[in-house]
Amino acid sequence: MANKLVLLMFAICRLISTVGLTLEPAELLQFGVEGQLSLEPADVDRASVDFGGMTRAEPMAVMRPASAGDVASLVRVAYGSALGFPVSARGHGHSINGQARAPGGVVIEMSHDRAAGHRPRSRPVYSPSLGEYYVDVWGGELWIDVLNWTLDNGGRAPKSWTDYLYLSVGGTLSNAGISGQTFHHGPQLSNVYELDVVTGKGEIVTCSEEQNSELFHGVLGGLGQFGIITRARIALEPAPQRVRWIRVLYSNFTTFTRDQELLISLHGTHRFDYVEGFVIVDEGLINNWRSSFFSPRNSVNISSIGANGGVLYCLEMTKNYDDSTAAFVDQEVEALLKRLEFIPASVFTTDLPYVDFLDRVHKAELKLRAKGLWDVPHPWLNLFVPASRIADFDRGVFRGILGNKTSGPILIYPMNKHKWDERSSAVTPDEEVFYLVGFLRSALPDSGESTQSLEYLSQQNERILAFCDAAGIEVKQYLPHHLTRAEWARHFGAKWDRFIRLKAEFDPKGILGSGQGIFPPPSSPFSSLSPDEHSMTR
Numbered sequence: 049m050a051n052k053l054v055l056l057m058f059a060i061c062r063l064i065s066t067v068g069l070t071l072e073p074a075e076l077l078q079f080g081v082e083g084q085l086s087l088e089p090a091d092v093d094r095a096s097v098d099f100g101g102m103t104r105a106e107p108m109a110v111m112r113p114a115s116a117g118d119v120a121s122l123v124r125v126a127y128g129s130a131l132g133f134p135v136s137a138r139g140h141g142h143s144i145n146g147q148a149r150a151p152g153g154v155v156i157e158m159s160h161d162r163a164a165g166h167r168p169r170s171r172p173v174y175s176p177s178l179g180e181y182y183v184d185v186w187g188g189e190l191w192i193d194v195l196n197w198t199l200d201n202g203g204r205a206p207k208s209w210t211d212y213l214y215l216s217v218g219g220t221l222s223n224a225g226i227s228g229q230t231f232h233h234g235p236q237l238s239n240v241y242e243l244d245v246v247t248g249k250g251e252i253v254t255c256s257e258e259q260n261s262e263l264f265h266g267v268l269g270g271l272g273q274f275g276i277i278t279r280a281r282i283a284l285e286p287a288p289q290r291v292r293w294i295r296v297l298y299s300n301f302t303t304f305t306r307d308q309e310l311l312i313s314l315h316g317t318h319r320f321d322y323v324e325g326f327v328i329v330d331e332g333l334i335n336n337w338r339s340s341f342f343s344p345r346n347s348v349n350i351s352s353i354g355a356n357g358g359v360l361y362c363l364e365m366t367k368n369y370d371d372s373t374a375a376f377v378d379q380e381v382e383a384l385l386k387r388l389e390f391i392p393a394s395v396f397t398t399d400l401p402y403v404d405f406l407d408r409v410h411k412a413e414l415k416l417r418a419k420g421l422w423d424v425p426h427p428w429l430n431l432f433v434p435a436s437r438i439a440d441f442d443r444g445v446f447r448g449i450l451g452n453k454t455s456g457p458i459l460i461y462p463m464n465k466h467k468w469d470e471r472s473s474a475v476t477p478d479e480e481v482f483y484l485v486g487f488l489r490s491a492l493p494d495s496g497e498s499t500q501s502l503e504y505l506s507q508q509n510e511r512i513l514a515f516c517d518a519a520g521i522e523v524k525q526y527l528p529h530h531l532t533r534a535e536w537a538r539h540f541g542a543k544w545d546r547f548i549r550l551k552a553e554f555d556p557k558g559i560l561g562s563g564q565g566i567f568p569p570p571s572s573p574f575s576s577l578s579p580d581e582h583s584m585t586r
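Every number in the working numbering is 48 more than the matching position in the sequence shown, counting from 1.
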């Protein structure tokens with residue numbers, strides 16, 4: 049019955065469009081589908097904000113789909129109406145600059161009602177042609193649920209991760225999906241074999257490297273501009289049982305980055321399985337949600353270590369193992385650590401189950417939620433910095449702009465460009481090795497300190513970007529946010545012309561992903577443009 053009502057809505061839209069009338073979203077929604085489209089204030093309010101907490105834009109309604117067909121039906125309604133209206137997919141709502149918003153349109157809650165367990169999900173399957181196992185999952189599935197499912201059904205797990213597992217599959221694949229495994233396996237978008245995508249025309253298209261390949265590569269890292277991912281075929285590997293987790297400290301940045309780059313250059317089994325790091329400019333951060341690994345019995349005092357300019361650099365690594373390899377993990381870790389030049393007294397290790405390591409951030413999240421410190425504004429800034437300029441970045445930002453207050457963790461770790469599929473829409477610096485530098489700050493309410501206010505931290509982000517421009521450091525934003533067409537063109541660089549062409553082909557009315565601000569929304573006079581016309585409005 050629900051699908052019949054959606055089709056009726058579509059037919060009415062087509063009829064009104066044919067006779068030249070305009071169908072406004074408010075008029076459209078009076079034909080709402082019970083149990084799928086919601087105008088409830090609580091639902092609309094939740095879909096108006098995201099984890100960043102810095103923007104607000106109310107949709108007209110929220111949709112809770114039960115299938116890809118529901119998603120396609122809604123998009124066809126938007127595409128078939130005279131003006132169209134914005135439609136955006138929202139996973140766990142963890143975007144930071146309103147990327148999933150749809151002002152005056154419809155937000156599709158892809159990750160709602162996790163407990164119902166009705167999402168399309170297959171058991172892991174072995175592919176002789178690939179020589180690997182894979183699993184098919186719903187685009188709104190959270191990675192934590194994918195992990196638990198694949199472990200329970202064969203003891204396998206996805207290869208590449210994000211640090212936080214309560215993110216949707218479609219959401220991370222639309223950006224890249226990165227963590228400490230990226231140097232070896234590549235980002236999550238390099239570990240997917242096939243997608244089902246609902247385009248901006250309301251068509252359900254299956255795509256892969258062999259089938260509809262241009263859409264496949266365009267959607268991966270495409271920021272939701274060409275289609276909504278409703279199914280993803282994810283590569284799996286045997287999951288280890290346990291993890292040896294090691295952290296060491298450095299006071300010299302050159303030594304720190306040299307050791308990081310050494311670790312990501314190693315091949316075969318004689319390497320670490322995860323390599324990340326973070327910058328400590330504030331002694332209090334040693335015990336925050338990101339760095340709570342340090343034991344109170346092993347407290348670290350920045351001044352006692354003799355940090356260079358009051359800054360320390362922490363390198364963290366893991367070695368996976370199970371019962372069959374446990375006897376060798378000590379000697380392998382020892383051999384790898386002998387190749388590094390960290391502060392000897394700073395070594396700290398622990399062993400824990402593989403799942404506990406992957407889900408480490410969520411445990412800290414629960415503690416912050418209990419204190420009311422999770423749902424606060426998060427003016428994050430994530431940058432890809434070329435390895436050749438990372439020392440300049442250290443001098444100008446870590447030991448310059450930041451001072452001794454950060455209001456959150458600063459991640460820093462290198463990746464190998466050859467592990468990224470250059471056919472995707474994701475963009476990285478033009479060097480083989482580049483660093484993720486992530487400023488994961490929180491603007492604390494009623495802090496009484498200007499250095500922790502949203503305004504101050506946002507301005508500091510602008511100062512960091514301005515420094516990079518002035519110094520000629522060609523950074524690329526991860527989870528990008530730009531305000532002008534020229535800035536977006538610069539961001540995508542050589543991929544920009546293809547990006548415009550794919551938008552014109554798969555979402556000609558600009559229905560999808562309007563929250564990114566890359567293309568005009570449906571109500572704009574510049575919607576439904578050809579590629580040439582789009583280039584004229586840059």
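Just so you know, even glycine gets a beta-carbon here, dropped at the ideal spot from N, CA and C.
Keep in mind that this is a model prediction, so the values were computed, not measured.
GLY250 and VAL123 do touch by the CB rule: their CB atoms are close to 4 Å apart, below 8 Å.
Annotation: the stretch 144 to 197 contains the following complete segments of the beta strand (DSSP E) (minimum length 3 residues), in chain order: 154 to 157, 173 to 175, 180 to 186.
With fewer than three CB-CB distances shorter than 8 Å, the stretch 200 to 211 does not count as touching the stretch 385 to 401.
In this structure, LYS543 sits away from VAL433, with a CB-CB distance that is not shorter than 8 Å.
DSSP, reduced to helix, strand and coil, places VAL395 outside both helices and strands of the structure shown, so it counts as coil. Inclusion of LEU237 and LEU221 in the CB contact set at 8 Å is warranted, their separation being smaller than that value. Put simply, the stretch 231 to 246 touches the stretch 464 to 478. At least three CB pairs are less than 8 Å apart.
Between TYR241 and ARG281, the CB-CB gap stays under 8 Å. In this structure THR230 is buried. Its beta-carbon is surrounded by 16 or more other beta-carbon atoms within 10 angstroms. As computed with DSSP, GLN525 is found in a beta bridge with LEU431.
Within the stretch 248 to 331, the complete alpha helix (DSSP H) segments of 4 residues or longer fall at 261 to 267, 301 to 313, listed in chain order. Distance from the Cα of ALA518 is smallest, within the candidate group ASP440, PRO462, TRP468, VAL381, for ASP440. In the three-state reduction of the DSSP assignment, VAL110 falls in the strand class, which pools E and B.
Counting only the Cα atoms, PRO113 lies some 51 Å from SER299.
Ranked by Cα distance from HIS315, the options HIS539, PRO172, HIS232 are led by HIS232. In the DSSP annotation of this structure, LEU416 is not part of any beta strand (DSSP E); the continuous alpha helix (DSSP H) holding it starts and ends at 408 to 418. Residue environment analysis places ALA418 among the exposed positions, since fewer than 16 neighbouring C-beta atoms fall within 10 angstroms of its C-beta.
Nearest Cα to GLN147 within the set ASN223, ASP244, ALA126, ALA116: ASN223. Put simply, the backbone Cα of PHE376 is about 23 Å away from that of GLN308. Under the Cβ criterion (8 Å, minimum of three pairs), the stretch 454 to 464 counts as touching the stretch 475 to 490. PRO493 is classed as exposed because its beta carbon has fewer than 16 other beta carbons within 10 Å across all chains shown.
Rounded to whole angstroms, LEU421 and VAL381 show a C-alpha spacing of 36 Å.
By the neighbour-count criterion, in which a residue is buried when 16 or more other Cβ atoms sit within 10 angstroms of its Cβ, ALA126 is buried. Taking 4 residues as the shortest admissible run, the stretch 452 to 522 contains the following complete alpha helix (DSSP H) segments, listed from N- to C-terminal end: 502 to 519. Taking C-beta atoms under 8 Å as the contact rule, GLU324 and GLY228 qualify, at a distance of about 4 Å. The continuous beta strand (DSSP E) containing ALA205 extends over residues 204 to 206. Under the three-state reduction of DSSP output, PRO568 falls in the coil class, being neither helix nor strand. In this structure, DSSP gives SER216 an extended state, which the three-state scheme calls strand. Under the three-state reduction of DSSP, LYS543 is assigned to helix.
LEU199 and ALA116 do not touch by the CB rule: their CB atoms are close to 26 Å apart, not below 8 Å.
With contacts defined by Cβ atoms closer than 8 Å, ILE277 and VAL291 do not form a contacting pair. Straight across, the Cα-Cα distance linking GLY541 with ARG387 is about 38 Å. Here THR210 carries a coil assignment [DSSP, helix/strand/coil]. 8 Å or more divides the Cβ of SER455 from the Cβ of LEU527.
Judged by beta-carbon spacing, GLU364 lies within the 8 Å limit of ILE294, meaning their Cβ atoms are closer than that value. Under the DSSP definition of a beta bridge, ALA137 partners with ILE156.
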